[in-house]
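Trainee: Please find one structure pasted underneath; my questions will follow.
Protein chains: 2
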Amino acid sequence: MERDAPVRPVQQHRHNLALVARLAARLGPVSRARLAHESGLTKSTVTQLTGELLDGGLLREIGTGRSGGPGRPANQLVLNSLGPAGIGLQIEADHVAGCLLDLTGRVRDRALRKADDLTGDPQRAVKAAEPVLRRLLNTANSTDNVVVGVAVGLPARVRDATVVHADGLGWADTNFPWLLGDRLSALGAGGIPVTVANSHQLAARAEHWFGGDEAEVLVHVGGEDGLGAGIVIAGEVHAGARGAAGELGHVRIPGADDPCTCGQRGCLDTVAGRRALLRAAGLDEVVRSRLTGGDGELPALVGSGEAVAVAAVRRAATALGTVLGGLVPALDPDVLVLGGHLPALGSDFLDAVDLSLRQRCPGAAVRVRASRLPADVVARAAATTVTSALIEAPADWLAE
Amino acid sequence: MERDAPVRPVQQHRHNLALVARLAARLGPVSRARLAHESGLTKSTVTQLTGELLDGGLLREIGTGRSGGPGRPANQLVLNSLGPAGIGLQIEADHVAGCLLDLTGRVRDRALRKADDLTGDPQRAVKAAEPVLRRLLNTANSTDNVVVGVAVGLPARVRDATVVHADGLGWADTNFPWLLGDRLSALGAGGIPVTVANSHQLAARAEHWFGGDEAEVLVHVGGEDGLGAGIVIAGEVHAGARGAAGELGHVRIPGADDPCTCGQRGCLDTVAGRRALLRAAGLDEVVRSRLTGGDGELPALVGSGEAVAVAAVRRAATALGTVLGGLVPALDPDVLVLGGHLPALGSDFLDAVDLSLRQRCPGAAVRVRASRLPADVVARAAATTVTSALIEAPADWLAE
DNA sequence: TTCAATAGTCCAGTAGACGAACTAATTGCC
DNA sequence: GGCAATTAGTTCGTCTACTGGACTATTGAA
Numbered sequence: 313m314e315r316d317a318p319v320r321p322v323q324q325h326r327h328n329l330a331l332v333a334r335l336a337a338r339l340g341p342v343s344r345a346r347l348a349h350e351s352g353l354t355k356s357t358v359t360q361l362t363g364e365l366l367d368g369g370l371l372r373e374i375g376t377g378r379s380g381g382p383g384r385p386a387n388q389l390v391l392n393s394l395g396p397a398g399i400g401l402q403i404e405a406d407h408v409a410g411c412l413l414d415l416t417g418r419v420r421d422r423a424l425r426k427a428d429d430l431t432g433d434p435q436r437a438v439k440a441a442e443p444v445l446r447r448l449l450n451t452a453n454s455t456d457n458v459v460v461g462v463a464v465g466l467p468a469r470v471r472d473a474t475v476v477h478a479d480g481l482g483w484a485d486t487n488f489p490w491l492l493g494d495r496l497s498a499l500g501a502g503g504i505p506v507t508v509a510n511s512h513q514l515a516a517r518a519e520h521w522f523g524g525d526e527a528e529v530l531v532h533v534g535g536e537d538g539l540g541a542g543i544v545i546a547g548e549v550h551a552g553a554r555g556a557a558g559e560l561g562h563v564r565i566p567g568a569d570d571p572c573t574c575g576q577r578g579c580l581d582t583v584a585g586r587r588a589l590l591r592a593a594g595l596d597e598v599v600r601s602r603l604t605g606g607d608g609e610l611p612a613l614v615g616s617g618e619a620v621a622v623a624a625v626r627r628a629a630t631a632l633g634t635v636l637g638g639l640v641p642a643l644d645p646d647v648l649v650l651g652g653h654l655p656a657l658g659s660d661f662l663d664a665v666d667l668s669l670r671q672r673c674p675g676a677a678v679r680v681r682a683s684r685l686p687a688d689v690v691a692r693a694a695a696t697t698v699t700s701a702l703i704e705a706p707a708d709w710l711a712e
Numbered sequence: 313m314e315r316d317a318p319v320r321p322v323q324q325h326r327h328n329l330a331l332v333a334r335l336a337a338r339l340g341p342v343s344r345a346r347l348a349h350e351s352g353l354t355k356s357t358v359t360q361l362t363g364e365l366l367d368g369g370l371l372r373e374i375g376t377g378r379s380g381g382p383g384r385p386a387n388q389l390v391l392n393s394l395g396p397a398g399i400g401l402q403i404e405a406d407h408v409a410g411c412l413l414d415l416t417g418r419v420r421d422r423a424l425r426k427a428d429d430l431t432g433d434p435q436r437a438v439k440a441a442e443p444v445l446r447r448l449l450n451t452a453n454s455t456d457n458v459v460v461g462v463a464v465g466l467p468a469r470v471r472d473a474t475v476v477h478a479d480g481l482g483w484a485d486t487n488f489p490w491l492l493g494d495r496l497s498a499l500g501a502g503g504i505p506v507t508v509a510n511s512h513q514l515a516a517r518a519e520h521w522f523g524g525d526e527a528e529v530l531v532h533v534g535g536e537d538g539l540g541a542g543i544v545i546a547g548e549v550h551a552g553a554r555g556a557a558g559e560l561g562h563v564r565i566p567g568a569d570d571p572c573t574c575g576q577r578g579c580l581d582t583v584a585g586r587r588a589l590l591r592a593a594g595l596d597e598v599v600r601s602r603l604t605g606g607d608g609e610l611p612a613l614v615g616s617g618e619a620v621a622v623a624a625v626r627r628a629a630t631a632l633g634t635v636l637g638g639l640v641p642a643l644d645p646d647v648l649v650l651g652g653h654l655p656a657l658g659s660d661f662l663d664a665v666d667l668s669l670r671q672r673c674p675g676a677a678v679r680v681r682a683s684r685l686p687a688d689v690v691a692r693a694a695a696t697t698v699t700s701a702l703i704e705a706p707a708d709w710l711a712e
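For the record, the sequence lines run as chains A and B. Residue numbering for the first sequence is 313 to 712, as defined by this note's numbering. Residue numbering for the second sequence is 313 to 712, as defined by this note's numbering.
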């Protein structure tokens, strides 16, 4: 409910619609009676509201389910897996991943497009996204899903739906939603709203939604090339005053002096970034070949005790732990999740980060753990922003 | 509006009441017509709502004011400076400060009680607060103000209205509101609700409210003895998962090794804390005499180029800047305010902190400035939490 | 078969915002 | 002075959407 807007009966209705939709999403198959009980609304109102949600295709009635005692059995309601759905894209310098998500949160389809180099002209990314979108739109068509939104996760600073600055992609002030919307029209899917979001922030959202921590404050650190953090506070991403919150990659590390893409020297990215780390461990050719699978070689080297690799990883862990150790006392998070390319570095790396972090701030009560989510979390989280927006504001959808 | 609660006409009314009260507070003397325009409510509704606020003593009608053109002149409404008011206390190891604030935000009275040592038994603080409270209650009585709440700012971690841990005071798991409420009853002011809050967080609130920055994200760093930060995001304090957000005093500084009260060595407090700094500058006797005014001697020494003092202050600035430089890229604040004893260290100190911060994170767009607020901001901010709670939820007050 | 229990619908009642019509008070023009 | 224009504020009937109790529906158990 907007704080500075008047509340009329309509807003009241909107709020209660959202409340019921949210509860239906949370409780899975659920009866109107239970919804009434959990929401605090009366049965009559819930009948009315669920009726609207059913008509709008957000809910579906599955026959009377259990019969665990006397009394009329309930007509169970669930989110409609056939109705509205969302597409999420993840764009990185070397690939575009995408997925189609229905309202229940199930991934209906995935798609991946590898590419040589998507940096420079944003149209390259649009072009690489096209086959991914085409496939997902086709799938949606065949599964009776209606795509109501496309959300894109990018390693970029985003402000007012515009990419203000993307280090790793070389973009600046790009209205990417507009570019992609154009391509969507060409695919016969014009008018679908496109949103963009920072991929670190989406990854943090993903950990909050799917990580199972029930955290009040969660910090996710990771990234494909550049390192970055996403901060979730009370279920909301903290984007910062300019959308730049979590940009840790260019914090200077004492003792480091390698040149960074940003023009400075000794940035965290030059010590703990994926490419920098592979290079420092003597895996230059892996970097050049751009093989994501090559990440596996580094933990293998470390496991076999290869001195250069061990030193590089230890150095990265110490630097990262120190930076995070400055963050933790400021934010007091429940959980600090290491994601992106970091979990692949092995549990020794995780332990070393933890150690270094606690050396910086001894009393910290934070739990540090590796992410357990798959590589395409960002695409999934992006798609989830579409579906959860529907559930959080069903009235907007019903109005159409 | 509670997210998980149903909205009925009553909640609708509560919301709109708060909306009108907030606007009246923001716009100063304001007509019903303007309130209707600004709020988006109709004139009829505003008449109804302001009527309730007038009856409840939250608003007051001052005669028809301006007559800048044709048309019936407006009956101006203002917050009632005579009705409900709040008391704010600030408790530190060596003093208790307090103030009485009316709804308009005007300080009706102040009181200060110096004390030798309030650490150890919380009852000492209660005892020192008694004369302060007595005076402020008397003042309220004579100015026709009704004290509706007492809010206390403490250098302590607070959780569920309980002091979980107070480093500088030596308290743990203390239900301070209960203790102080007891004393209030003895003063004939029983039943007044008492709340507690962390003083760093209150200081940040104060900068956000009174600092004039219009910041979306604001960080305040300061403290009397221990250093700490308060973070305000979108008008709300970020307290962290355990209420420990902003506890920067015990971040370890590379190269520092002095023992800290926390049992560790090399904490930020041992480098940039007030006492540590005075000691390092050779002003031991000032520390022992507990003279707050003694702070003036340090900038004087620095100004005169006294080598030890200059070195101590520079070291403190570097350490603090480095710690803050780790924070800024994570949070992306608009403004970083240095408060507490820090502004007294002079503008060279401020510049040195700024320099060190930007050395750590070169691209930061944050504005760094010294606090311009007086020493008793925390008491004022505490009192403001009482009065602003009234304005944010007038229905609760009107119900009584 | 009947009763208890639970699910769900129906409908009159009600709180509270809206809007049009009204009254009120002032300026400015004749 | 009188009257139109203009803005402030109130009154009252209307409308929306939630409530609560009466009602129907469907099951298990006695």
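Glycine is no exception: its CB is placed at the ideal position from the N, C-alpha and C atoms. Keep in mind the model is a prediction, meaning the values are calculated, not measured.
Quick check: is the beta carbon of A/L496 nearer than 8 Å to any beta carbon in chain B?
Mentor: Taking the first residue of the first sequence as position 1, residue 496 of chain A is located at position 184. So no, A/L496 is outside the interface.
Trainee: For A/I545, would you say it is in contact with chain B, using Cβ-to-Cβ distances shorter than 8 Å as the test?
Mentor: Walking along the first sequence from the start, residue 545 of chain A turns up at place 233. For A/I545, the answer is yes, since a Cβ of chain B falls inside 8 Å of its Cβ.
Trainee: Leaving out five residues on either side along the sequence, give the residues of the same chain with a beta carbon under 7 Å from the beta carbon of B/C572.
Mentor: Residue mapping note: residue 572 of chain B aligns to position 260 of the second sequence, counting from 1. Correct list, in chain order: H562, C579, D581 and T582.
Trainee: Where does A/I504 sit, in a helix, a strand or coil, going by DSSP?
Mentor: To locate residue 504 of chain A, count along the first sequence from 1; it is residue 192. Here A/I504 sits in coil by DSSP.
Trainee: Excluding the 5 residues flanking B/A478 on each side, which residues of the same chain have their C-beta closer than 8 Å to its C-beta?
Mentor: Position 166 of the second sequence holds residue 478 of chain B. Excluding sequence neighbours, B/A478 sits near L466, P467, A468, R469, A484 and T486.
Trainee: Tell me the DSSP bridge mates of A/T486?
Mentor: On the first sequence, residue 486 of chain A is found 174 positions in, with the first residue counted as 1. BP columns for A/T486 point to A/V475.
Trainee: When you compare the CB of B/G638 with every CB in chain A, is at least one pair closer than 8 Å?
Mentor: As a position in the second sequence, residue 638 of chain B is number 326, starting the count at 1. Yes, B/G638 lies at the interface with chain A (some Cβ there is under 8 Å from its Cβ).
Trainee: Is it the case that the stretch 400–419 of chain A contacts the stretch 442–453 of chain A, given that we only count it when at least three CB pairs across the two stretches are under 8 Å?
Mentor: The stretch 442–453 of chain A, when compared against the stretch 400–419 of chain A, does touch it at the 8 Å Cβ threshold.
Trainee: Less than 8 Å between the beta carbons of A/Q541 and A/G524, yes or no?
Mentor: What you label residue 541 of chain A is simply residue 229 of the first sequence in a count that begins at 1. What you label residue 524 of chain A is simply residue 212 of the first sequence in a count that begins at 1. Residue identity check: residue 541 of chain A is Ala in the sequence provided, not Gln. No, the Cβ-Cβ distance between A/A541 and A/G524 is not below 8 Å.
Trainee: Is the shortest distance between the beta-carbon of A/R344 and the beta-carbons of chain B less than 8 Å?
Mentor: Stepping through the first sequence from its first residue, residue 344 of chain A is reached at position 32. False, the Cβ-Cβ gap to chain B never drops below 8 Å.
Trainee: Less than 8 Å between the CB atoms is what I'm expecting for A/R554 and B/A642, so what's the real figure, rounded?
Mentor: If you number the first sequence from 1, residue 554 of chain A lands on position 242. If you number the second sequence from 1, residue 642 of chain B lands on position 330. Actually they do not touch by this definition, with Cβ atoms about 13 Å apart.
Trainee: For the beta strand (DSSP E) holding A/T455, just list the boundary residues, first then last.
Mentor: Position 143 of the first sequence, counting from 1, holds the residue named residue 455 of chain A. Unbroken run through A/T455: none, as it is neither H nor E.
Trainee: Starting from the C-beta of B/G547, find all residues in its chain whose C-beta is less than 8 Å away, skip the five residues before and the five after it, and write them out in chain order.
Mentor: Residue mapping note: residue 547 of chain B aligns to position 235 of the second sequence, counting from 1. H520.
Trainee: Chain B beta carbons: is any one of them nearer than 8 Å to that of A/H327?
Mentor: As a position in the first sequence, residue 327 of chain A is number 15, starting the count at 1. Closer than 8 Å: yes.
Trainee: What in chain A is Cβ-close to B/R626, meaning under 7 Å?
Mentor: Within the second sequence, the letter at position 314 stands for residue 626 of chain B. Neighbours of B/R626 on chain A: none; closest Cβ ~17 Å, over 7 Å.
Trainee: Taking B/L492 and B/V462 to be in contact with their CB atoms under 8 Å, please state how far apart those CB atoms are, rounded to whole angstroms.
Mentor: For this step, residue 492 of chain B is matched to residue 180 along the second sequence. For this step, residue 462 of chain B is matched to residue 150 along the second sequence. Their Cβ separation, rounded to whole angstroms, is 7 Å, which keeps B/L492 and B/V462 in contact under 8 Å.
Trainee: Could you list the residues in the stretch 645–676 of chain B with a C-beta less than 8 Å from some C-beta on chain A, going in chain order?
Mentor: From the stretch 645–676 of chain B, only P645, D646, Q671, R672, C673, P674 and G675 have a Cβ closer than 8 Å to chain A.
Trainee: Within the 8 Å Cβ cut-off, does B/P566 reach chain A?
Mentor: In the second sequence, counting from the first residue as 1, residue 566 of chain B sits at position 254. Closer than 8 Å: yes.
Trainee: Based on the DSSP secondary-structure assignment, which residues constitute the bridge partners of B/H532?
Mentor: As a working note, residue 532 of chain B is residue 220 in the second sequence. According to DSSP, which records beta bridges pairwise, B/H532 is partnered with B/G542 and B/V649.
Trainee: Under 7 Å Cβ to Cβ from B/R577, same chain only, skipping five residues before and after it: list those, please.
Mentor: Taking the first residue of the second sequence as 1, we reach residue 577 of chain B at position 265. So the list reads D569, D570 and P571, once near-sequence residues are dropped.
Trainee: Does the beta-carbon distance from B/P686 to A/N328 come in below 8 Å?
Mentor: What you label residue 686 of chain B is simply residue 374 of the second sequence in a count that begins at 1. What you label residue 328 of chain A is simply residue 16 of the first sequence in a count that begins at 1. Taking 8 Å as the Cβ cut-off, B/P686 and A/N328 do not qualify as a contacting pair.
Trainee: Check this for me: beta carbons of A/Q360 and A/S511, under 8 Å apart or not?
Mentor: Translated into the one-based positions of the first sequence, residue 360 of chain A becomes position 48. Translated into the one-based positions of the first sequence, residue 511 of chain A becomes position 199. No.
Trainee: Please report the straight-line C-alpha distance between B/G718 and B/A437, rounded to a whole angstrom.
Mentor: Missing from the structure shown is residue 718 of chain B; chain B here goes from 313 to 712 and no further.
Trainee: Determine the direct distance from the alpha carbon of A/R587 to that of A/V599, and round the result to whole angstroms.
Mentor: To locate residue 599 of chain A, count along the first sequence from 1; it is residue 287. To locate residue 587 of chain A, count along the first sequence from 1; it is residue 275. Confidence at A/V599 is low in this model, with a pLDDT of 49, below 50, so its placement is unreliable and no value can be given for it.
Trainee: Could you give the uninterrupted runs of the beta strand (DSSP E) lying entirely in the stretch 411–443 of chain A, keeping only those of 3 residues or more?
Mentor: Fully enclosed beta strand (DSSP E) runs of 3 or longer: 419–426.
Trainee: Between which two residues does the beta strand (DSSP E) harbouring A/R681 extend?
Mentor: Indexing the first sequence from 1 puts residue 681 of chain A at position 369. R679 to A682 is the span of the beta strand (DSSP E), which, as asked, contains A/R681.
Trainee: Between A/R670, A/V680, A/L654 and A/E404, which lies nearest to A/D428 when the distance is taken from Cα to Cα?
Mentor: As a position in the first sequence, residue 428 of chain A is number 116, starting the count at 1. Cα-wise, what sits closest to A/D428 is A/E404.
Trainee: Less than 7 Å between the CB of B/T455 and some heavy atom of the ligand SAM, yes or no?
Mentor: As far as ligands go, the structure on display features none, and thus does not contain the ligand SAM.
Trainee: Nearest-angstrom Cα distance between A/L636 and B/P443?
Mentor: For this step, residue 636 of chain A is matched to residue 324 along the first sequence. For this step, residue 443 of chain B is matched to residue 131 along the second sequence. Spanning the two alpha carbons is a distance of roughly 45 Å.
Trainee: Checking the sheet assignment: what are the DSSP bridge partners for A/R577?
Mentor: Here residue 577 of chain A refers to the residue found at position 265 when the first sequence is read from its first residue. Answer is A/P571.
Trainee: Indicate whether the contact test is met: 3 or more Cβ pairs, each with one atom in the stretch 649–664 of chain A and one in the stretch 620–638 of chain A, closer than 8 Å.
Mentor: Yes, they touch.
Trainee: Quick one: Cα of B/D373 to Cα of A/R344, how far?
Mentor: Stepping through the second sequence from its first residue, residue 373 of chain B is reached at position 61. Stepping through the first sequence from its first residue, residue 344 of chain A is reached at position 32. Residue 373 of chain B is actually Glu in this sequence, not Asp. Cα-Cα distance, rounded: 49 Å.
Trainee: If you draw a straight line from the C-alpha of A/R320 to the C-alpha of B/Q324, how long is it?
Mentor: Taking the first residue of the first sequence as position 1, residue 320 of chain A is located at position 8. Taking the first residue of the second sequence as position 1, residue 324 of chain B is located at position 12. Each residue's Cα considered, the two are about 7 Å apart.
Trainee: Taking B/G575 as the reference, which of A/G375, A/P674, A/L353 and A/G363 has the closest Cα?
Mentor: Here residue 575 of chain B corresponds to residue number 263 of the second sequence, with the count starting at 1. For the residues A/G375, A/P674, A/L353 and A/G363, the minimum Cα distance to B/G575 belongs to A/P674.
Trainee: Determine the extent of the beta strand (DSSP E) in which B/A400 is found, giving its start and end residues.
Mentor: Translated into positions along the second sequence, residue 400 of chain B becomes position 88. The displayed chain sequence assigns Gly, not Ala, to residue 400 of chain B. From DSSP, the beta strand (DSSP E) with B/G400 extends over P396 to E404.
Trainee: In chain order, what residues of the stretch 551–564 of chain A put their CB closer than 8 Å to some CB of chain B?
Mentor: Against chain B - using a Cβ distance shorter than 8 Å - the residues of the stretch 551–564 of chain A are A551, G552, A553, R554, G555, A556, A557, G558, E559, L560, H562, V563 and R564.
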